[in-house]
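Accompanying notes for the structure given below.
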DNA sequence: CCCCCGCTTTTTATACATAAGAAACATATG
DNA sequence: CATATGTTTCTTATGTATAAAAAGCGGGGG
């Protein structure tokens, strides 16, 4: 019933580990591999067994050595390493953003399960978790309603985002000079400049940098509710922009420059400057999102 | 498999409806009852059938009349009207707040299911929904961790709450004189004064009034994320104070007075005053909560 | 002893089953 | 023909089953 995606992912990761070792070298212990792969020993053993069966690993008395270099084609395909629940997420996002769903559409668990080819339990579980993004709503003893990826969604999202980011930026600026975050913000600036220099080729890398940047600022004064809200933002940008690639390069370039301005403002410790830079960035991000929705 | 709690709740509600009617009177149509009871016609028919079987209702040619007054003891007990998922919520809260769980405790789906006497599916679904309250966290392929009802939980909660309430209070004060909310706030004041006058007997009613008051202020400028956060607050107050009744009367009296001060501030439209009243109330609420945790 | 490994037990992820409830359709009656 | 009731179909709420993964246990070797 349960899929063996954990095993397959671990198997692929194990290939990478073996490739860093020499032929004939002795493998780390099961426990060491367990930590490296981030799975249980049970799964490690399954991976080792699989590799032995393929001759990649040879078991000698009380030790295991590398018999032959694993080839890339022995890796399991990416899809098979995703848990069903993760596949459902992708399917659902696609369903939603493809435009099959307009605001007010009723969501039917059974139908989605059929469409995605999975059990209803999983769809149900996904919808329950997805609820926190504010895009769907449950009705007692009936299905769900899709509230729509609308302008008001974007506005409400950014209202909160502004509160949270302004709060974090201010707290950030109040940190003492000796704090390690100033080093981190320096390297963050470097990463931004690097990306900017090569923007034509690498503009797609921005999304991840963006998320890291905002999380760095937020992390100085941890608050679980703010962190949880970051997930909402990440989801929106991750999926929504996957389906709206218009002006992506230009959009990202603007955002990078805004980030750089905010970094400078933070380093100045000048609250007024920080507020302005922060608000400017958020306003432009909001306009971009609104623009892409309409 | 599914429990018939919906039917039982509707049955009880139906008793209340019948009691407002005269003996021998004709009942409303199935469709009318459907709206009144807030269930499907299928369930209405089941209720009607049940009442016919008990002689409460007599079916004549194309009409149904009330045969005899239903007695209160014919009601289904409250527990049987709660869906399993709701029962699980109560059980879990009890488990959590009884102190069986200290911060860092691992939560085991199977064990909880056994303890509560329900299927694992339900426990799992509950935990997924409960995650949004920030008290538990999931670990991949393993169970959940209870993060604890700790001081930092309270502090993080109130940090957000302050942001949200200040925002709403300000927007509230900016509403034009003609807005109906000023009437509502008036009757809210009346309700507070009434409760205050009878505080010794009715101090337990405060919790619900508190929730209504804060929701009224929040509702003027709807934001789904703020509304969702209100659920967190409601949950905390609902359950936590059920287990910490120390000084309840005094606590509630203080809070009522603070609400009245805030109402006055709102009506003055003076932002500085509003900010102060709001912050005062939240600070005292926070201290109370912190106090009860320690 | 302490770590490694083979084996056993427990728990989670996922599928499937079914009664209760909702919705849709059909028929009747005024 | 519109509204109320009878009937059928579809969906949700909840239980059970099971393979995969995790956790626990005990012996053996350094």
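Chains as they are written, first to last, in the numbering used here: chain C, 2 to 295; chain F, 2 to 295. No residue lacks a Cβ here, since even glycine has one placed at the ideal position from N, Cα and C.
Within chain F, not a single residue places a beta-carbon under 8 Å from that of residue 150 of chain C; the smallest gap is close to 13 Å.
At least one CB of chain C lies nearer than 8 Å to the CB of residue 224 of chain F.
Pairing residue 94 of chain C with residue 4 of chain C, the inter-Cα distance amounts to about 22 Å. Counted as a single uninterrupted DSSP element, the alpha helix (DSSP H) harbouring residue 255 of chain F occupies residues 249 to 269. The distance from the Cβ of residue 262 of chain C to that of residue 286 of chain C is about 13 Å, inconsistent with a contact at the 8 Å cut-off.
Residue 10 of chain C and residue 82 of chain C have their C-alpha atoms roughly 5 Å apart.
Residue state for residue 64 of chain C is assigned as strand, using DSSP reduced to three classes. For residue 244 of chain C, no beta strand (DSSP E) segment is defined, and its DSSP state is neither H nor E. The closest CA to that of residue 159 of chain C, considering only C:238, C:143, C:108, C:31, is found on C:238.
Going by beta carbons, residue 241 of chain C and residue 98 of chain C fall inside the 8 Å limit. Under the Cβ criterion (8 Å, minimum of three pairs), the segment 118 to 125 of chain F does not count as touching the segment 156 to 174 of chain F.
In this structure, residue 126 of chain F keeps its C-beta atom at 8 Å or more from the C-beta atom of residue 283 of chain F. Closest by C-alpha distance to residue 169 of chain F, out of F:203, F:215, F:37, F:209, is F:215.
The beta carbon of residue 51 of chain F is closer than 7 Å to those of 12 in its chain, skipping five residues each way along the sequence. Taking residue 108 of chain C as reference, the option from C:146, C:142, C:76, C:130 with the minimal CA-CA separation is C:146. Boundaries around residue 117 of chain F are those of the alpha helix (DSSP H), 110 to 117, since no beta strand (DSSP E) includes it.
Within chain C, the residues 125, 126, 129 have their CB atoms less than 8 Å from the CB of residue 126 of chain F, given in chain order. Look at the segment 165 to 236 of chain C and you find no whole run of beta strand (DSSP E) that is 3 residues long or longer. A contact between stretches requires three or more CB pairs, one per stretch, nearer than 8 Å, and the segment 13 to 23 of chain C meets this requirement with the segment 63 to 74 of chain C. The segment 131 to 144 of chain C makes no contact with the segment 192 to 201 of chain F; the number of CB pairs closer than 8 Å stays below 3. Cβ proximity to chain F below 9 Å picks out 161, 164, 165, 168 from the segment 161 to 175 of chain C.
Within the segment 83 to 150 of chain F, the runs of beta strand (DSSP E) at least 3 residues long that lie entirely inside it are, in chain order, 137 to 139, 145 to 147. With a 10 Å radius around the Cβ and a threshold of 16 neighbouring Cβ atoms, residue 20 of chain C comes out exposed. Distance from the CA atom of residue 258 of chain C to the CA atom of residue 225 of chain F, rounded to whole angstroms, is 31 Å. The beta-bridge partner set that DSSP reports for residue 27 of chain F consists of F:66. Here residue 274 of chain F has 266 as same chain residues with Cβ atoms under 7 Å from its own Cβ, once five neighbours each way along the sequence are excluded. Spatial neighbours of residue 200 of chain F in its own chain (CB-CB distance under 6 Å, excluding positions within 5 residues in sequence) are listed in chain order as 254. According to the DSSP assignment, residue 275 of chain C belongs to the alpha helix (DSSP H) that extends over 272 to 294.
Within the segment 85 to 118 of chain C, no residue places its CB atom closer than 7 Å to a CB of chain F.
With respect to the 8 Å criterion, residue 190 of chain F and residue 272 of chain F are not classified as neighbours on the basis of their beta carbons. In the structure shown, the three-state DSSP call for residue 59 of chain F is strand. For residue 53 of chain C, the enclosing alpha helix (DSSP H) has its first and last residue at 42 to 54. About 5 Å separates the Cβ atoms of residue 130 of chain C and residue 129 of chain F, confirming a contact at the 8 Å cut-off.
Between residue 82 of chain C and chain F, the shortest Cβ-Cβ separation is not below 8 Å.
Under the Cβ criterion of 8 Å, residue 135 of chain F is counted among the residues facing chain C. In the structure shown, residue 17 of chain F falls within a helical segment according to DSSP collapsed to helix, strand and coil.
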